[in-house]
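Counted the way full-length UniProt numbering counts, the sequence shown spans residues 2 to 166.
Backbone N, C-alpha and C define an ideal beta-carbon position, used for all residues, glycine too.
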Amino acid sequence: PLPIVAIIGRPNVGKSTLVNRLAGVQEAIVYDTPGVTRDRTYKPAFWADRDFLVVDTGGLIFDDDTEFLPYIREQAMLALSEASAAIMVVDGQEGPTASDLEIAQWLRQQHSVPVFLAVNKCESPDQGLIQAAQFWELGLGEPYAVSGIHGNGTGELLDELVSHL
Ligand code: GDP
Ligand code: MG
């Protein structure tokens, strides 16, 4: 079976955009396999001679934090249980939020798979460095400035990620 990379984060940070970027334009695979949750889609990705699947999580949008946090936690836990690595996605234009801190704290408590931090919406490389630096406080190691829309920064993140698969 291919290694699975779980994409985790609160709504609207750009998870789905990043998944599509990492997977190119390939069709999603919907696995009908016991133990694989049906409401998630797995997209094949390829980088530096490594094949893996990226799985988006937390597809539902809620109106406020108190509603979506338990759902995200459940989705994140399910995804992590079958993943070889995870990418936590945050919004570099917005900066760290209370929900980001809470999600990062759950992830740190897992001690299960390596977690990489993608600071999305960083279209400008110079500003991206400053935007990314705000996220050291999440305690997930180096924040990678990326743009799911433009694609910048994703190569560096993927180099590091696949070295852990
Ligand atoms: P998700 O809810 O985390 O899956 O987020 P989406 O991928 O649906 O994106 C949420 C919003 O952020 C959409 O309006 C996207 O167009 C926007 N967005 C996603 N990625 C980027 C990015 O790299 N840069 C900018 N500026 N906006 C982005
Ligand atoms: Mg989405």
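Say whether the segment 8-20 touches the segment 42-58, bearing in mind that this needs 3 or more beta-carbon pairs closer than 8 Å, one atom from each stretch.
Cβ pair count under 8 Å is three or more, so yes.
Quick one: is Gly96 buried, meaning 16 or more other Cβ sit within 10 Å of its Cβ, or exposed?
If you number the sequence shown from 1, residue 96 lands on position 95. Burial call: exposed.
Measuring straight from C-alpha to C-alpha, what distance separates Leu139 and Ala105?
Within the sequence shown, the letter at position 138 stands for residue 139. Within the sequence shown, the letter at position 104 stands for residue 105. Going from the Cα of Leu139 to the Cα of Ala105 covers about 6 Å.
Since Lys44 sits in a beta bridge, which residues does DSSP pair it with?
Numbered from its first residue, the sequence shown carries residue 44 at position 43. Its beta-bridge partners are Val55.
Please specify which runs of the beta strand (DSSP E), each continuous and at least 3 residues long, are wholly inside the segment 94-164, giving them in chain order.
Here the runs fully enclosed are 116-121 and 144-146.
Taking Val20 as part of the alpha helix (DSSP H), name the residues at either end of that continuous run.
By 1-based counting over the sequence shown, the position of residue 20 is 19. From DSSP, the alpha helix (DSSP H) with Val20 extends over Lys16 to Ala24.
Taking all protein chains shown into account, decide if Ala49 is buried (16 or more other Cβ within 10 angstroms of its Cβ) or exposed.
Against the sequence shown, residue 49 aligns to sequence position 48. Ala49 should be labelled exposed.
Suppose the cutoff is 6 Å on Cβ atoms and the five residues either side in sequence are ignored; what does the same chain contact list for Pro35 look like?
The sequence position of residue 35 within the sequence shown is 34, counting from 1. Because the pLDDT at Pro35 is just 45, under 50, the model does not fix this residue reliably, and the point stays unresolved.
Could you tell me the alpha carbon to alpha carbon distance between Trp107 and Ser82, rounded to whole angstroms?
Numbered from its first residue, the sequence shown carries residue 107 at position 106. Numbered from its first residue, the sequence shown carries residue 82 at position 81. Using only the alpha carbons, I get a separation of about 13 Å.
Using alpha carbons as the reference points, say which of Leu3, Val14 and Pro2 lies closest to Ile150.
Counted from its first residue, the sequence shown places residue 150 at position 149. Among Leu3, Val14 and Pro2, the Cα nearest to that of Ile150 is on Val14.
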